[in-house]
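Here is the structure we will look at, set down as structure tokens.
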Ligand SMILES: [Zn+2]
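In full-length UniProt numbering, the protein residues as written are 1 to 361.
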């Protein structure tokens, strides 16, 4: 495909976009026009012959429907009024399809456009690349609905709710890899969504030296943590191990329930749980891998199951209560452990914990 450009290689222009999108706190976006490209490769997936605008990123062209995008993006709507050129038809006559050149990565743009082109989205299985592209470009082009949906997707997983978090099978959404926690932290920084930071940073503490390298995006650029967040993860990594071990020690403390009818046997059982914990810690280098001493927020049965323990009913109930309380305390302190402040983080999940905290203070 080739097109005629109005102003190839001309001065860069800046467009002021007025809009009521206060939520993004973006009064204007700076739209810098990239150098003129006259030869464009039509995208195999998103090039519709009857499309009414061609968006060009790098050397890839996406011919899509202007009206659909204009409805969702005040920023793109404003750009459509000032195209950078027009597609020339084969005979060079009709100039019907305007061309807009963008500075974005074609990979990101493809993710964004897929969402708006009919029947192309399977929102339930959003990949990290799609969420990341839709949040970054959604913010830039003021696509508030898309931006909000993707931010909500992250908030739903990287939740502030203990029960929801511990109900997840994995620390990352099913379509994300462990390394994508780095990207989630960066998206939290970009969007100001502080509430997703504690769990995303916690997930980063699981990464080993990979945390320094980050991961490679589809366009070849590297996604890594900022220096401050990297420092937070290093500090938090050891802290997470410490508090997890302390919580397990409290849970299996060899003091039996007041109602216990078989005291010595239950005391021996609790001591054996502590020995199993000790073996887990010393058999491998626990500090290297927080999850080796069990998921800090998961049940203590990762150390020793209730069947293995063989406690009497009242002692088992007591251990379950201790375990839940220890994990909820850890949850309440999570922002502090990973070194961030989150307004309204549920500090105390249960009333008795509040009382205990007051007593401690
Ligand atoms: Zn007992």
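Glycine residues also receive a C-beta, built at the ideal position from the N, C-alpha and C atoms.
- Around the beta carbon of residue 195, 16 or more other beta carbons lie within 10 angstroms, which makes this residue buried.
- Counting only beta-carbon distances shorter than 6 Å to the non-hydrogen atoms of ligand 1, the qualifying residues in chain order are 256, 257, 260, 262, 266, 311, 312, 314, 315.
- Annotation for residue 70: 76, 77, 80 place their beta carbon closer than 7 Å to its own, counting only its chain and skipping 5 residues before and after.
- Here the stretch 103–118 does not lie against the stretch 155–164, with fewer than 3 beta-carbon pairs under 8 Å apart.
- By the Cβ-count criterion, residue 177 is exposed, with fewer than 16 other Cβ atoms from all chains shown falling within 10 Å of its own Cβ.
- DSSP places residue 188 inside the alpha helix (DSSP H), whose first and last residues are 180–191.
- As the crow flies, the alpha-carbon of residue 319 is around 25 Å from that of residue 283.
- Approximately 6 Å separates the beta-carbon atoms of residue 142 and residue 73; this is inside 8 Å, confirming the contact.
- With contacts defined as CB atoms closer than 9 Å, residue 322 and residue 275 fail to qualify as a contacting pair.
- Beta-carbon to beta-carbon, residue 297 and residue 216 are separated by about 30 Å, too far to satisfy the 8 Å threshold.
- The straight-line gap separating the alpha-carbon atoms of residue 136 and residue 86 is approximately 27 Å.
- One alpha carbon belongs to residue 233, the other to residue 261, and they sit about 46 Å apart.
- Non-local beta-carbon contacts of residue 263 in its own chain, meaning distances under 8 Å to residues more than five positions away in sequence, involve 256 in chain order.
- When DSSP states are grouped into helix, strand and coil, residue 345 belongs to the coil group.
- If you check the CB distance, residue 61 and residue 68 do not come in under 9 Å.
- Excluding sequence positions up to five before and after residue 225, its CB lies within less than 8 Å of the CB of 182, 185, 186, 204, 211, 214, 233, all in the same chain and listed in chain order.
- Taking all protein chains in view, the Cβ of residue 157 is crowded by 16 or more other Cβ atoms within 10 Å, so the residue is classified as buried.
- Taking 9 Å as the cut-off, the Cβ atoms of residue 43 and residue 106 count as close.
- Annotation: the UniProt domain "BTB" (53–157) contains the following complete segments of the alpha helix (DSSP H) (minimum length 4 residues), in chain order: 66–72, 74–80, 106–116, 128–140, 144–157.
- The distance from the Cβ of residue 338 to that of residue 198 is about 6 Å, consistent with a contact at the 8 Å cut-off.
- Taking the C-beta atoms as reference points, residue 309 is found no nearer than 9 Å to residue 258.
- Only residues of its own chain outside the window of five on either side were considered, and among them 196 have a CB closer than 6 Å to the CB of residue 154, listed in chain order.
- In its chain, beyond the 5 residues on either side, 267, 270, 271, 274 have a beta carbon closer than 8 Å to the beta carbon of residue 254.
- In the DSSP assignment, residue 212 falls outside any beta strand (DSSP E) and lies within the alpha helix (DSSP H) extending over 210–213.
- Within 10 angstroms of the beta-carbon of residue 66 lie 16 or more other beta-carbons, which makes it buried.
- Judged by beta-carbon spacing, residue 304 lies within the 9 Å limit of residue 277, meaning their Cβ atoms are closer than that value.
- Beta-bridge partners assigned by DSSP to residue 47: 63.
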